[in-house]
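According to our numbering, the sequence shown is numbered sequentially starting from 106. Glycine included, C-beta positions come from ideal geometry on N, C-alpha and C. A quick note: this is a predicted structure, and the numbers were derived from the prediction, not measured.
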Amino acid sequence: DQASVDARNAIDLLWLTPSVRARFENAGRISAEAALEVGLVGPAARASGLERDARREFKAGVYRDIVFTPPTQPDGNVQARAWVRWLEIQQSISLIRQLLDRVEQGYSLACGAAALDLAPNAAVVSVVEGWRGEICHVAITDSQGRFRSYKIVDPSFHNWMGLALALRNQQISDFPLCNKSFNLSYCGHDL
106 DQASVDARNA IDLLWLTPSV RARFENAGRI SAEAALEVGL VGPAARASGL ERDARREFKA
166 GVYRDIVFTP PTQPDGNVQA RAWVRWLEIQ QSISLIRQLL DRVEQGYSLA CGAAALDLAP
226 NAAVVSVVEG WRGEICHVAI TDSQGRFRSY KIVDPSFHNW MGLALALRNQ QISDFPLCNK
286 SFNLSYCGHD L
């Protein structure tokens, strides 16, 4: 509960500052069409009005039993990306409370993961929702069932083009603001 109060205090300060809101509203807009075309994922996509969330699209674990709607905003600007983040913080707190209530009622959060022998000559794709968006894992085994290759595609790989779009026709002084509104991983692009 204290985390919720602390987050609320910080966000109130942010949203109640007129100069911050003016900067956020006028910087880094990406339309839903452009976001879809370049393949934005996670909060960056949702801030342009796209309802993309791997937790809903590929339900697994506790997400099979939990009903939630990923927050979206239609404006696609820095303010929309910040607002989606704020809504996701609130939603995360709510989801944690729901899960804790279930645990108190005897619900198990265990996913049943165990050490498994890997199938030989196989390929497996796994998609999960991380805090930046969709993370894709691809594993390929050899004839002995050992990893031949393992590739991780970080959400930043998809979202860097969004930053480039957000900066078109913007002032150079908007770069840091737009950049941090995406909060991309530099090494995540190179994975």
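Nearest to D170 by alpha carbon, out of S213, I277 and L272? S213
Nearest to S278 by CA position, among S109, A132, G147 and L121, is which residue? A132
For I240, the first and last residue of its enclosing beta strand (DSSP E): G238 to T246
Take L282 as the anchor and find which of A127, E162 and S231 has the nearest alpha-carbon. A127
Per-residue DSSP class, three states only, for G235: strand
Take the Cβ of S254 as the centre, count every other Cβ of all protein chains shown within 10 Å, and call the residue buried at 16 or more, exposed below. exposed
Per DSSP, what kind of secondary structure is K164 in: helix, strand or coil? coil
I'd like to check one pair, A139 with L270: are the Cβ atoms closer than 9 angstroms? yes
Select from K164, N284 and R151 the residue whose C-alpha is nearest the C-alpha of W191. R151
Residues near A159 by beta carbon distance below 7 angstroms, same chain, minus five either side: V232, V233, E234 and E239
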